[in-house]
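Below is one structure, written out as structure tokens; comments come after it.
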Amino acid sequence: MKHLNRIEFVDLVESPAALPVDRLRHVERCERCRNQADALRTVHSLARADDTPEPSPLFWDHFSARVAEQLRSQPAPAAALRWNPVPFAPWAAAGTLLVLLIGIAVLRTTLHAPAPHNRTAVSTASALSGDDPLDDPDNDEAWAVVRAAAADLGWEDAHEAGITAHPDDVENAALQLNAAERRELAHLLDEDLKRNGA
Amino acid sequence: MTVTRDRTEAAGPEPLPLPEVADDRTLVDACLGGRREAFDVIVERHQRQVYHLCYRFAGNHEDASDLAQDAFIRAYRGLHSFKGQAAFSTWLYRIAVNVCLNRVGTRAQKWTTLDVADQPDLRQERADARLLRGERAAAVRAAIVRLPKKQRAALILRIYHELPHDQIAEIVGTSVGAVKANFFHALANLKKLLNAK
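Residue numbers (the working numbering), protein chains in the order written: chain A, 23 to 220; chain B, 229 to 425.
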């Protein structure tokens, strides 16, 4: 049978009851393990018999005063910031959600901000429906000036003057419209086509 | 009147004196909160155990008191790192063991006995017995100092402080199995050293 290992020897010396019965039986039969255990027990007893010498009773007061004196020259120990992930997690999640919501709101506002030409289209629609007389292009003096200046302007002249739209501009503008604006644009185009007899 | 009230509120209530029975965690928190005197209570409470530990490592009173003082100062400096996961005494033992292992080598120590063995005793038989015991104790202490550091730590904490193996493992930062193995080798080497004398 296997001899006792180091840990089993320690258990045998300190508390034999902790060893399984078969290991204790082995020690009874094995002279080598028995001798080793006896030697360890002897040294263990010898070491235990030596009490740590006590200094003078006056020493303790002297010692604590010495330590206190040394500590006076030390900076006060500051409480460290303790990282506690459990309470922090809900706050982090809430903060992240808030930032995301603000980001989405800002993005939506920026993307769907009405462009000047769209505003004209919406204003025209409003004027046609008679909701807002101030946006009525027929009664708008500034719009009348623009209309008068452009009355004699032909397509070719505008093109040469560089005030024509680029090929993708209309498509880009249409992509930036929101659902209501797209409906209004479709309505205007439909009316224009009907008026021109298409 | 208003000024007086504001000053009173700003200064806060007078702190209550720390009770001697306050647990270590309370004392540590009080100390971290700016009440240095809380550490005096900690020192008074643990100085004996820390000194004895240092005495076993150093082997003489002067070095032991220096090591113990160093251990307490290090503990004070690092008080914020005490998380309270282990007992304060375990944490303090760890600091003291590290101080001892770093400062005390395996060199031969000058051993001083503080018992009264060298006082004259008219009863010859008793005096002889004391002398024999004193010599044996000196031999054991000298042999312990010559043990490798980890074996020494395991033996001192186990035999002279009667700490369980799992707490020793926590103090020296190793496993229970390693502590028991070191303890076994410490006893075996102690036997060799004592037989060689």
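All residues carry an ideal CB built from backbone N, CA and C; glycine is no exception.
Interface annotation, histidine 274 of chain B: not in contact with chain A, CB-CB separation never under 8 Å. Proline 99 of chain A counts as buried, since no fewer than 16 other beta carbons sit within 10 angstroms of its beta carbon.
When the beta-carbon positions are compared, arginine 374 of chain B and phenylalanine 285 of chain B stay at least 8 Å from each other. Per DSSP, the unbroken alpha helix (DSSP H) holding cysteine 55 of chain A starts and ends at 53-71. Cβ proximity to chain A below 9 Å picks out Leu307, His308, Ser309 and Lys311 from the stretch 307-338 of chain B. By the criterion of at least three beta-carbon pairs nearer than 8 Å, the stretch 252-272 of chain B is in contact with the stretch 299-319 of chain B. Taking C-beta atoms under 8 Å as the contact rule, arginine 358 of chain B and phenylalanine 316 of chain B fail to qualify, at a distance of about 38 Å. At a C-beta separation below 8 Å, lysine 419 of chain B has these neighbours in chain A: Ala61, Leu62, Thr64 and Val65.
Between the stretch 46-53 of chain A and the stretch 62-79 of chain A, the count of Cβ pairs shorter than 8 Å is below three; the stretches do not touch.
Sequence-distant partners of leucine 41 of chain A (beyond 5 residues in either direction) whose C-beta falls short of 7 Å from its own C-beta, in its chain, are Glu30, Asp33 and Leu34. For threonine 318 of chain B, the uninterrupted alpha helix (DSSP H) run begins and ends at 316-331, by DSSP. Among the CB atoms of chain A, one or more fall inside 8 Å of the CB of serine 293 of chain B.
With contacts defined by Cβ atoms closer than 8 Å, leucine 383 of chain B and alanine 406 of chain B do not form a contacting pair. Note that the C-beta distance between alanine 296 of chain B and valine 325 of chain B is not below 8 Å. Distance check between tyrosine 321 of chain B and each of B:Arg263, B:Gly362, B:Gly287 and B:Gly401 places B:Gly401 closest, using alpha-carbon atoms only. Taken atom to atom, the span from the alpha-carbon of aspartate 214 of chain A to that of alanine 127 of chain A is near 35 Å.
Classified as buried, asparagine 410 of chain B has 16 or more neighbouring CB atoms from the shown chains inside 10 Å of its CB. Put simply, the CB of phenylalanine 300 of chain B is near chain A, with a gap under 8 Å to one of its CB atoms. Here tryptophan 113 of chain A is exposed: its Cβ has fewer than 16 other Cβ atoms, across all protein chains shown, within 10 Å. Leucine 391 of chain B sits in coil when the DSSP states are folded into three classes, being neither helix nor strand. If you look at isoleucine 384 of chain B, you'll find it isn't in any alpha helix (DSSP H); DSSP assigns it neither H nor E. Closest option to methionine 23 of chain A, judged by alpha-carbon separation, among A:Ala39, A:Glu36, A:Arg169 and A:Arg45: A:Arg45.
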